[in-house]
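Chemist:
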Amino acid sequence: MVVKILKDYNELSKKAAEKAAGYIKAFPDTLVCFAAGNTPLGMFRELVKMHEQGEIDLASMWYVGLDEWMGLGIDDEGSCVKVMYDAIYRHIPKERVCMFDGLNEDADKQCREMEILIASHGGIGFALLGVGMNGHIGFNEPGTPDIEGCFTVALDDVTKSVSKKYFGKERPVTTGITIGWRTLYKAHNVVLMSSGKEKAPIIKAALDGPRTPDITASLFQNHNNITIMLDEDSASLLQR
Ligand code: F6R
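Numbered according to my numbering, the sequence shown spans residues 1 to 240.
#1: What do you reckon, is the C-beta of valine 190 under 8 Å from a heavy atom of the ligand F6R?
#2: For leucine 31, name the three-state secondary structure that DSSP assigns.
#3: May I ask you to check if the CB of leucine 129 is nearer than 8 Å to at least one heavy atom of the ligand F6R?
#4: Would cysteine 80 and arginine 112 qualify as a contact pair, given that the criterion is a beta-carbon distance under 9 Å?
#5: Applying the criterion that 16 or more other CB atoms from any shown protein chain within 10 Å of the CB defines a buried residue, is threonine 144 buried or exposed?
#6: Pick from Val64, Met50, Lys4, Asn224: whose alpha carbon is nearest that of isoleucine 179?
#7: Just to check, is the beta-carbon of glycine 180 closer than 8 Å to a non-hydrogen atom of the ligand F6R?
#8: Look at the alpha carbon of phenylalanine 139 and the alpha carbon of glutamate 55, and state the distance between them as a whole number of angstroms.
#9: In the DSSP assignment, what residue or residues form a beta bridge with isoleucine 226?
#10: Does the stretch 188-200 come into contact with the stretch 216-232, if we say contact requires no fewer than three beta-carbon pairs (one atom in each stretch) closer than 8 Å?
#11: By how many angstroms is the C-alpha of lysine 14 removed from the C-alpha of leucine 103?
#12: Write down the C-beta distance between leucine 155 and glutamate 141 rounded to the nearest angstrom, noting that I regard them as a contact closer than 8 Å.
#13: Buried or exposed: where does threonine 174 fall if 16 or more other Cβ atoms within 10 Å of its Cβ makes it buried?
#14: What is the C-beta distance between phenylalanine 34 and proline 40, in whole angstroms, given that I count them as a contact (C-beta under 8 Å)?
#15: For aspartate 75 versus isoleucine 177, is the C-beta spacing smaller than 9 Å?
#16: Give me, in chain order, the residues of the same chain whose beta-carbon lies closer than 7 Å to that of isoleucine 5; leave out the 5 immediate sequence neighbours on both sides.
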């Protein structure tokens with residue numbers, strides 16, 4: 001586990017973008033899984049800049065969405081699909097992007113199709129993950145079982161409460177659909193990002209504490225090719 005501590009959010013975004021760009025240049029036509037959420041937005045801006053300047057070709061990759069709020073679609077503020085299209089996927093041909101559809105109630109079918117798609121690419125090549133306030137990765141909430149593939153999940157109270165920051169209004173979200181942690185863990189390259197002081201306690205628990213399914217981020221401690229990228233605020237409680 002390589003841990004990189006960057007001065008602030010800007011530096012974190014730039015370094016994470018450089019890391020993703022290095023992967024994109026080295027392994028075109030492989031499968032990328034980017035988390036939504038607020039943390040990677042600066043990194044996406046950097047990647048789009050590089051794409052527009054011709055330094056990388058975002059359209060040379062294939063993409064899967066990590067997760068989605070059930071009941072929300074592309075017209076809903078804060079849905080993962082809207083966040084991701086606005087931030088990055090509008091620069092990529094539609095046929096290269098597959099995201100869960102929170103408005104399609106046949107979640108099992110979506111999960112099986114996503115699993116088949118991931119397998120058809122030989123697994124995820126590059127996964128960029130964020131960490132929730134409860135230590136979740138995607139919607140792998142505390143206590144998620146160790147099963148392969150994709151599934152729906154009852155959202156944890158912490159996730160429900162934090163979700164308001166994305167929606168601009170109260171939304172009664174109860175269920176998420178996600179790629180499971182075991183499938184993410186099999187990604188060849190993983191970057192896990194965190195920014196901000198409010199995440200410092202959970203980052204400490206995830207990195208300095210034991211591996212536990214109660215904090216799914218901690219399960220990645222022994223991944224064989226993971227870079228943890230933190231700003232100084234998020235890293236402030238870590239043992240150095
Ligand atoms: C989003 C996702 C979530 C977030 C996490 C952190 O697709 O998978 O696990 O990465 O909740 O969210 P932010 O970055 O908004 O703090």
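Note that CB positions come from ideal geometry on N, CA and C, so glycine has one too. Bear in mind that the values here come from a model prediction, so they are computed numbers and not experimental data.
Modeler: Working from what's here:
#1: False, no ligand heavy atom lies under 8 Å from that Cβ.
#2: strand
#3: Flag set: Cβ of leucine 129 near the ligand F6R.
#4: no
#5: buried
#6: When only C-alpha atoms are compared, the closest one is Val64.
#7: no
#8: 33 Å
#9: Val190
#10: yes
#11: 34 Å
#12: Under the criterion of beta carbons closer than 8 Å, leucine 155 and glutamate 141 qualify as touching, at roughly 7 Å.
#13: exposed
#14: 6 Å
#15: no
#16: In its chain, beyond the 5 residues on either side, Leu230, Glu232, Ala235 have a beta carbon closer than 7 Å to the beta carbon of isoleucine 5.
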